[in-house]
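**Student:**
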Amino acid sequence: MSRRQLRPYQVEDREKILRVLRQRRHPLYVLPTGGGKTTTFVEVAEIVSGAGWPTLILTHRWELLSQASQTLHRLRLPHGLIYPGRMLAQEDVYVASIDTLASRLDNYAPFLTKIRLVIVDEAHHAVCGKYMRVFDALDRALRLGVTATPFRADGTGLGLVFDTAVEGPSMSWLTEQAYLVPVDIYAPPLHLDLRSVRISCGDYSTSELERILNNPDVTEPAVQQYARLASGRPTIFFCVSRAHCVHVAEQLTKAGYAAAPVDGKMPEEVRIARLKGLADGTLQALTSCELVSEGTDVPNVEVGVMLRPTKSTGLFQQQGGRFTRPSVGKVRGILIDMVGNTLEHGMLDEERAWSLDGGHEHRDVTPVHRCRSCFRVTRVDDRRQHCQECGEALPARKLAALSVPGDGKVNRRRVIASMSDDQLKTGGYRTLMRLASSVDDLERIARAKNYHRGWVRHQAKEKGLAA
């Protein structure tokens, strides 16, 4: 009997993960931001460690260690912390940052050989070199990865570390069931010219972005749109750099808002105080660089303002998921996308095909409209002739140029058809099933995953497809 109140899908996902671990395999658990990944893997950690398997939970950055520990205390999971200078106590569950272990691998090697399960939070980072070195030292441990975004901008597949996909419900389903709040998206045009910005590891160079974004021509319109759409509501501004954070916070303060910058390099007590200030209403806005994109839970945040363009769908979803968690009085979230990320990547809750084999992120997603009057962004729907926000006429074909790169048509068959057999074999089951729209799609999935012919007939019947 669990000591925690679990949602039905968390119980189901917990059991799926445990089944995979019993098969001595390495699962990757995928659940949208705000869906409750931590609660689910804490359940797994408690069961596995209680069965005599010492368990290690890895955080992506040192500054997230205490935050992870506080979350585990709230979820009533006893654990020990590992950091420089601290003696290792005898525990069933430990928490450490990857940087601590990777930089002192020789010192921790005897301890790591005793670990039987390692849980990797923000597991889309797990193919980086420092993780691989630590995994080599964890030679007796099974690996459980946890992420909301199982793809990387550089195309590297997470199948280098994990071998079985376990998918939770989609963002759209979680929203329909009221586990997440819906998000209204606005994309005021700034007409940024990013053609000259260098691409490094699949995304824009931060230093070059700072040169373009950290100036009043960008910041002042962002503050104006915040005042128009969500004045005073708890907000996170996603910035390019620490200097950019400081500048945006200064402009918000000049406009009369209680705002402060926050990043992973500042003293921990200052960072915690500012996050608490946003939670209790002392602050109305935080300007963040990287820190609040991953691993940070401030449920009362209602608004996100994107000031950092990205070619990474994963980063876009990580940032967009920060304000989808329900809280008292929150009915909807608002995304003010000042840099066109939604036009690049599609809606936040778009179904995206992915595979443990990797490959660059699939961009064959539903195209979007941006209203010329109020800048509201919605999916293209030929049945809708007017903006649902302000009533402005929507000249559909003219606005199709604002859609995600492609031919402007929604054709989900192309997604399955464009995936290789290896990608289908390691692809997330639930995502593939949501994207499959023909018997041919089902047959390709069945061949790749070695399913019986009867499975195709059953799924075709369930989907109302002629078999």
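Residues 31 to 497, numbered by my numbering, are exactly what the sequence shown covers, in order.
A virtual CB, placed ideally from N, CA and C, is assigned to each residue, including glycine.
Whole angstroms is fine: what's the gap from residue 159's alpha carbon to residue 191's?
**Tutor:** For the pair residue 159 and residue 191, the Cα-to-Cα distance works out to about 12 Å.
**Student:** At which residues does the alpha helix (DSSP H) containing residue 275 begin and terminate?
**Tutor:** 272 to 284
**Student:** Measure the alpha-carbon distance for residue 477 versus residue 364 and round it to whole angstroms.
**Tutor:** 42 Å
**Student:** Under the three-state reduction of DSSP, which class applies to residue 197: helix, strand or coil?
**Tutor:** strand
**Student:** Kindly confirm or deny that the region 142 to 158 and the region 85 to 97 touch, where touching means at least three C-beta pairs closer than 8 Å.
**Tutor:** A contact exists between the region 142 to 158 and the region 85 to 97.
**Student:** Tell me, please, whether the region 342 to 356 touches the region 372 to 383 by the rule of three or more beta-carbon pairs shorter than 8 Å.
**Tutor:** yes
**Student:** So, with DSSP's three-state summary, where would you put residue 122?
**Tutor:** coil
**Student:** Out of 220, 354, 173, 99, which one is the CA nearest neighbour of residue 206?
**Tutor:** 354
**Student:** Since I believe residue 60 is in contact with residue 195 (beta carbons under 8 Å), could you give me their beta-carbon distance rounded to a whole number of angstroms?
**Tutor:** Their Cβ separation, rounded to whole angstroms, is 7 Å, which keeps residue 195 and residue 60 in contact under 8 Å.
**Student:** Going by other Cβ atoms of all chains shown within 10 Å of its Cβ, with 16 needed for buried, is residue 143 buried or exposed?
**Tutor:** exposed
**Student:** For residue 383 versus residue 472, is the C-beta spacing smaller than 8 Å?
**Tutor:** no
**Student:** Would you please state the rounded distance, in angstroms, between the beta carbons of residue 183 and residue 344? I believe it to be under 8 Å.
**Tutor:** 7 Å
**Student:** Using beta-carbon positions only, say whether residue 335 and residue 252 come within less than 8 Å of one another.
**Tutor:** yes
**Student:** State yes or no: is the C-beta of residue 164 within less than 8 Å of the C-beta of residue 71?
**Tutor:** no
**Student:** Of the residues 43, 338, 358, 454, which one's Cα is nearest the Cα of residue 220?
**Tutor:** 338
**Student:** Please classify residue 306: is it buried, with 16 or more other beta-carbons within 10 angstroms of its beta-carbon, or exposed?
**Tutor:** That one is exposed.
**Student:** Going by DSSP in three states, residue 59 sits in which element: helix, strand or coil?
**Tutor:** strand
**Student:** In three-state DSSP terms, what is residue 354?
**Tutor:** Under the three-state reduction of DSSP output, residue 354 falls in the coil class, being neither helix nor strand.
**Student:** Under the rule that 16 or more other beta-carbon atoms within 10 Å means buried, what is residue 67, buried or exposed?
**Tutor:** buried
**Student:** Can you give me the C-alpha to C-alpha distance between residue 290 and residue 470, rounded to a whole angstrom?
**Tutor:** 54 Å
**Student:** Between residue 319 and residue 398, is the Cβ-Cβ spacing less than 8 Å?
**Tutor:** For the 8 Å CB-CB criterion, residue 319 and residue 398 do not form a contact.
**Student:** Taking 8 Å as the cut-off, does the region 274 to 283 touch the region 291 to 299 (at least 3 CB pairs, one atom from each stretch)?
**Tutor:** yes
**Student:** Among 108, 204, 414, which one has its Cα closest to the Cα of residue 65?
**Tutor:** 204
**Student:** Taking the C-alpha atoms as reference points, what is the distance between residue 84 and residue 262?
**Tutor:** One C-alpha to the other measures close to 46 Å.
**Student:** For the ligand HEM, is there a heavy atom less than 7 Å away from the beta-carbon of residue 346?
**Tutor:** With respect to the ligand HEM, the structure offers nothing, as it holds no ligand at all.
**Student:** Rounded to whole angstroms, what's the CA-CA distance from residue 36 to residue 187? Just pull it up for me.
**Tutor:** 31 Å
**Student:** Relative to the C-alpha of residue 400, which candidate in 385, 295, 381, 368 has its C-alpha closest?
**Tutor:** 368
**Student:** Do residue 310 and residue 201 count as a contact pair if the criterion is CB distance below 8 Å?
**Tutor:** no
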